[in-house]
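Participant:
In this note's numbering, the protein residues as written are 40 to 373.
#1: How would you write the range of the alpha helix (DSSP H) that residue 218 sits in, first residue to last?
#2: Would you mind stating whether residue 161 and residue 110 have Cβ atoms separated by less than 8 angstroms?
#3: Go to residue 86, then tell me how far its alpha helix (DSSP H) extends in each direction, as first and last residue.
#4: With a CB to CB cut of under 6 angstroms and the five nearest residues on each side skipped, what residues in its chain are close to residue 312?
#5: If you reduce the DSSP assignment to three classes, tell me which class residue 234 lands in.
#6: Compare the C-alpha of residue 117 against each of 355, 237 and 67 and name the closest.
#7: Would you decide whether residue 83 is buried or exposed? Buried here means 16 or more other CB atoms lie within 10 Å of its CB.
#8: By a C-beta neighbour count over all protein chains shown, 10 Å radius and 16 as the cutoff for buried, is residue 80 buried or exposed?
#9: By alpha-carbon positions, which one of 177, 126, 137 and 97 ends up nearest to residue 114?
#10: Would DSSP call residue 94 helix, strand or coil?
#11: With a threshold of 7 angstroms on Cβ separation, who are the neighbours of residue 130 within its own chain once the five nearest residues in sequence on each side are excluded?
#12: In whole angstroms, what separates the C-alpha of residue 337 from that of residue 327?
#13: Which residues in the same chain have their Cβ closer than 7 angstroms to the Cβ of residue 206, if we skip the five residues on either side of it in sequence?
#14: Drop a sphere of 10 angstroms on the beta-carbon of residue 333, count the other beta-carbons inside from all chains shown, and report buried for 16 or more, exposed for fewer.
#15: By how many angstroms is the C-alpha of residue 142 removed from the C-alpha of residue 315?
#16: Nearest-angstrom Cα distance between residue 280 and residue 225?
#17: Please report the straight-line C-alpha distance between residue 64 and residue 238, rounded to a whole angstrom.
#18: Could you have a look at residue 326 and say whether DSSP puts it in helix, strand or coil?
#19: Helix, strand or coil for residue 121, going by three-state DSSP, please let me know.
#20: Run through the segment 96–168 for me and flag every whole beta strand (DSSP E) of 3 or more residues, listed as ranges in chain order.
#21: Nearest CA to the CA of residue 361: which residue from 256, 331 and 194?
#22: Measure the beta-carbon distance from residue 77 to residue 44 and round it to whole angstroms, keeping in mind my assumption that it falls under 8 angstroms.
#23: Using C-beta distances below 7 angstroms, list every residue in its chain close to residue 373, excluding the 5 sequence neighbours before and after it, in chain order.
#24: Name the two residues that bound the continuous alpha helix (DSSP H) containing residue 301.
#25: Quick check on this structure: which residue in 124, 119, 154 and 228 has the alpha carbon closest to the alpha carbon of residue 138?
#26: Going by other Cβ atoms of all chains shown within 10 Å of its Cβ, with 16 needed for buried, is residue 309 buried or exposed?
Next up, the structure:
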């Protein structure tokens with residue numbers, strides 16, 4: 040069974056060749072390798088066009104992550120389209136692992152993040168390991184409610200029937216979650232494959248990480264509100280079920296008991312310490328095993344990454360409230 044690999048690119052000259060070298064050796068006769076370029080002004084096009092097997096296409100008017108993937112998918116001829124990000128390295132043997140899953144009757148196949156991350160920054164390790172831990176520990180079912188297009192495959196006929204990714208999303212944010220909601224509402228199923236663990240080359244400074252998290256929390260909240268309004272769609276923006284992430288969500292609210300409690304205590308209210316203790320306990324209970332796993336697999340870097348938990352969680356409630364406020368303003372025409 041053949042596949043069409045689509046790699047969307049935007050100024051990815053630093054990582055593209057490594058990704059292509061991880062994909063090319065395992066492709067079979069009849070497979071396609073398509074690089075879709077979103078207005079790159081670096082050497083990405085040169086790198087892609089130097090490799091004979093690559094089919095290169097410019098996204099032209101279809102800009103952004105969604106439009107660029109759609110532009111690449113328009114050249115796909117095989118039964119399965121595999122979307123791979125230009126900074127995602129699959130493990131050796133990925134093609135055989137992937138082929139074993141294609142005949143099982145699912146409409147989507149999703150890989151996961153691996154344990155390791157590039158560089159030395161704690162924020163990069165935290166973000167990478169958070170996803171790895173969620174995929175391997177928090178999610179209990181092999182059938183998931185979302186997808187992430189760093190390494191995600193879908194049947195071409197269904198992809199075209201659904202109209203591809205929604206190009207109204209200008210950047211790379213929740214276009215994959217929105218597509219997954221439509222796929223599942225259409226009766227499709229997405230299989231999570233923990234055996235295929237991706238090495239993600241993207242690195243984040245602490246500031247870049249917080250900026251990314253703030254954007255994603257806001258856009259996910261807005262998409263969730265939109266999906267809840269449309270009763271024909273699955274109201275989900277995550278691969279995990281709400282119950283599987285309940286502890287994380289609650290601690291994102293209760294963590295605000297910590298500064299509020301200490302503020303009350305400083306104003307002479309003894310119960311402020313009780314509130315602060317409750318906030319600390321909620322974070323420890325919901326993230327204790329996660330921290331232990333990071334420490335085990337990341338050592339000192341994992342210990343530093345554990346500290347990133349607190350600012351990350353503290354973004355959740357403000358992002359949700361801000362998104363609700365934006366939706367309310369838009370709905371009332373203010």
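The C-beta atom is built at its ideal place from N, Cα and C for all residues, glycine as well.
Facilitator: Taking the coordinates as given:
#1: Annotation: the continuous alpha helix (DSSP H) that includes residue 218 extends over 214–224.
#2: Not in contact: residue 161 and residue 110 (Cβ atoms no closer than 8 angstroms).
#3: Segment 83–88, the alpha helix (DSSP H) holding residue 86.
#4: So the list reads 304, once near-sequence residues are dropped.
#5: Residue 234 sits in a strand when the DSSP states are folded into three classes.
#6: Comparing Cα-Cα distances from residue 117 to each of 355, 237 and 67, the minimum goes to 67.
#7: Result: buried.
#8: Result: exposed.
#9: The shortest C-alpha separation from residue 114 is found at 97.
#10: DSSP places residue 94 within a strand segment (E or B) once states are collapsed to three.
#11: Around residue 130: 235 and 236.
#12: Put simply, the backbone Cα of residue 337 is about 15 angstroms away from that of residue 327.
#13: Within the same chain, and ignoring the five residues on either side of residue 206 in sequence, the residues whose Cβ sits closer than 7 angstroms to its Cβ are 101, 103, 105, 106 and 109.
#14: Burial of residue 333 is indicated by the presence of at least 16 other C-beta atoms within 10 angstroms of its C-beta.
#15: Straight-line Cα distance between these residues: approximately 52 angstroms.
#16: Taking the straight line joining both Cα atoms gives about 18 angstroms.
#17: Those two C-alpha atoms are separated by around 17 angstroms.
#18: Assigned with DSSP and collapsed to three states, residue 326 falls in helix.
#19: Three-state DSSP puts residue 121 in a strand.
#20: The qualifying runs are 119–123 and 147–152.
#21: Ranking 256, 331 and 194 by Cα distance to residue 361 puts 256 first.
#22: Between residue 44 and residue 77 the Cβ distance is about 17 angstroms, and since that is not below 8 angstroms, they are no contact.
#23: Residue placement at residue 373 cannot be trusted, given a pLDDT of 46 that sits under 50; what the coordinates show is reported in the next sentence. There are no such residues.
#24: The continuous alpha helix (DSSP H) containing residue 301 extends over residues 296–305.
#25: Nearest C-alpha to residue 138: 119.
#26: With fewer than 16 other Cβ atoms inside 10 Å of its own Cβ, residue 309 counts as exposed.
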